[in-house]
Amino acid sequence: MSRAAASNILDRPLGRSGGRGGSSSEGSAVSLSAFAYVYSELVQYHQGRAASISELERRLESAGYGVGLKVLELVAYRTKETKRETRLMSILHFVSSSVWKALFGKSADSLERSIDHADEFMIVDYEPITSTFVSVPPDLGQLSADAYVSGIIAGVLDGAGFSARVTAHSVNVEEGEYAKPQGGNVVTGLPARKDKAVFLVKFSQEVLARDAALER
Amino acid sequence: MSSPILFVIVGKNEPLFEAEIDTYTGTTGGNDLSTRQNYFVLHSALDLVEKSAWTTNSMYLRVVDKVNHQQVSTFLTAGNIKFMLLHGGKGEEVVRSFFNEVYGYYVKLSMNPFYKYDTPITSLAFENRVRAAARSYLS
């Protein structure tokens, strides 16, 4: 098996402003089934080694953390090459729109601020691909397979200097909350989901203090 | 006498990459004393960089410090990795172009799954490209 002159990764183009080196019409799209298979192996691998639910979630989160750090640099380079985010709201918008688009092909469905706690924000995704093909057995209770995505979010925020604790929760969808055709998910052909993924982002105190100081 | 240019990439805790570039020959050079002094000047400028990092949202921070006849220019990546250049008064545009090119190499390097963020950069290919960019932009 011969390889044409192996090019150093430093020479390959990175793609700018949405244009990427992929060959599919949309840019660099990876097939959903390929991702789902690899992800299911990842979850099984960690499940075999974790002793408890929270340890499994922690392992998934740390798997996603490294991805988040790199995604931050890549997406920032591709979208706005000369600006970085210094404010809380702008980094959250960056995560819920640019990062989500780069990873999942669409913006996050909503970004909310918690009423009870000033340091908590919620990013909502009605159909996260990490849990689309996952059914959690009853003995694993509250486990959210989207812990991988919360690791990605934590990586992006930490890299940018906004340390935060991010957790994934599955919340039931209210009637009429979410307008999708009754036929269910168009892409996968599965029936409409009954729960959405909510990523709770809790910033550390020093981040809030710094942001408040910048406000003035 | 050419004042050698010192380029350092600093992460959150430690320097990740250092290159002293003598733009006339493109190789490392300079005697020990001035080298140490240069490193000292660069590291002392880090405080100033930290201070101004949060007041602006552009990546290029221009000249943050002036010592004797040398200037320290800084560029911050999205992940708050600092690229710092100690030079003897190069024009802003050339420094900015140099930083942009190195930034491109840095992002490509970080796409390597085996490169852990905020760890020292040991890739020889990266070093060669940084030196080549310095030669083309800064001499």
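Line by line, the protein sequences are chains A and B.
For the first sequence, our numbering assigns the number 1 to the initial residue and increments by one for each residue that follows.
For the second sequence, our numbering assigns the number 1 to the initial residue and increments by one for each residue that follows.
All residues carry an ideal CB built from backbone N, CA and C; glycine is no exception.
Helix, strand or coil, according to DSSP, for residue i in the structure here?
| i | result |
| --- | --- |
| THR86(A) | coil |
| TYR126(A) | coil |
| ARG3(A) | For ARG3(A), the pLDDT reaches just 47, beneath the cut-off of 50, and the residue's location in the model is therefore unreliable, leaving the point undetermined. |
| LEU14(A) | coil |
| PRO138(A) | helix |
| LEU109(B) | helix |
| SER2(B) | Unreliable placement is indicated for SER2(B), whose pLDDT of 49 sits below 50; the coordinate value is still reported in the next sentence. DSSP places SER2(B) in coil when its eight states are reduced to three. |
| HIS69(B) | coil |
| LEU190(A) | coil |
| ASN38(B) | helix |
| ILE21(B) | strand |
| LEU138(B) | helix |
| PHE75(B) | strand |
| GLU120(A) | strand |
| ARG131(B) | helix |
| SER58(B) | strand |
| PHE114(B) | coil |
| PHE126(B) | helix |
| PHE98(B) | helix |
| GLY21(A) | Caution is warranted here: a pLDDT of 35 is assigned to GLY21(A), below 50, making its placement in the model unreliable, and no coordinate value can be reported. |
| PHE94(A) | helix |
With a cut-off of 8 Å on the beta carbons, I'd call residue i and residue j a contact; round off their distance for me.
| i | j | result |
| --- | --- | --- |
| MET122(A) | LEU200(A) | 6 Å |
| LYS196(A) | VAL171(A) | 6 Å |
| LEU6(B) | GLU20(B) | 5 Å |
| GLY126(A) | ALA63(A) | Position check: residue 126(A) holds Tyr in this sequence, whereas Gly was assumed. That pair is no contact at about 23 Å. |
| LEU214(A) | THR79(A) | Rounded, the Cβ-Cβ distance is 22 Å, inconsistent with contact. |
| PHE162(A) | VAL207(A) | 5 Å |
| VAL67(A) | ILE152(A) | 5 Å |
| ARG12(A) | LYS108(B) | 7 Å |
| GLU61(A) | SER150(A) | 6 Å |
Going by DSSP, what residue range makes up the alpha helix (DSSP H) through residue i?
| i | result |
| --- | --- |
| LYS70(A) | 53–79 |
| LEU103(A) | 100–104 |
| ASN13(B) | That residue, ASN13(B), is in no alpha helix (DSSP H); it is neither H nor E in DSSP. |
| SER33(A) | 32–49 |
| ASP158(A) | 147–159 |
Measuring CB to CB, does residue i end up less than 7 Å from residue j?
| i | j | result |
| --- | --- | --- |
| THR82(A) | SER58(B) | yes |
| ILE121(B) | LEU42(B) | no |
| LEU32(A) | ASP211(A) | no |
| SER131(A) | ALA118(A) | no |
| TYR137(B) | PHE75(B) | no |
| ASP118(B) | LYS12(B) | yes |
| GLU18(B) | VAL8(B) | yes |
| ALA133(B) | GLU101(B) | yes |
| VAL63(B) | ALA45(B) | no |
| ASP22(B) | LEU48(B) | no |
| ILE91(A) | ALA168(A) | no |
| HIS46(A) | ARG58(A) | no |
| ARG84(A) | ALA125(B) | no |
Which residues mark the beginning and the end of the beta strand (DSSP E) in which residue i is found?
| i | result |
| --- | --- |
| LYS196(A) | 195–203 |
| ALA164(A) | 164–172 |
| SER110(A) | 110–113 |
| LEU86(B) | 82–87 |
For chain E, check one thing: does any of its Cβ atoms lie closer than 7 Å to the Cβ of residue i?
| i | result |
| --- | --- |
| LYS83(A) | Checking the listed chains, one finds no chain E in this structure; the protein chains it contains are A and B. |
Across the stretch 111–119 of chain B and the stretch 109–124 of chain A, are there enough close Cβ pairs to call them in contact, namely three or more that are closer than 8 Å?
no
If we count Cβ pairs, one from each stretch, closer than 8 Å, do we get three or more for the stretch 199–214 of chain A versus the stretch 92–108 of chain B?
no
Taking contact to mean 3 or more Cβ pairs, one atom from each stretch, closer than 8 Å, check whether the stretch 27–39 of chain A and the stretch 72–87 of chain B are in contact.
no
Would you check if the stretch 146–165 of chain A and the stretch 56–75 of chain A touch, i.e. whether three or more CB-CB distances between them fall below 8 Å?
yes
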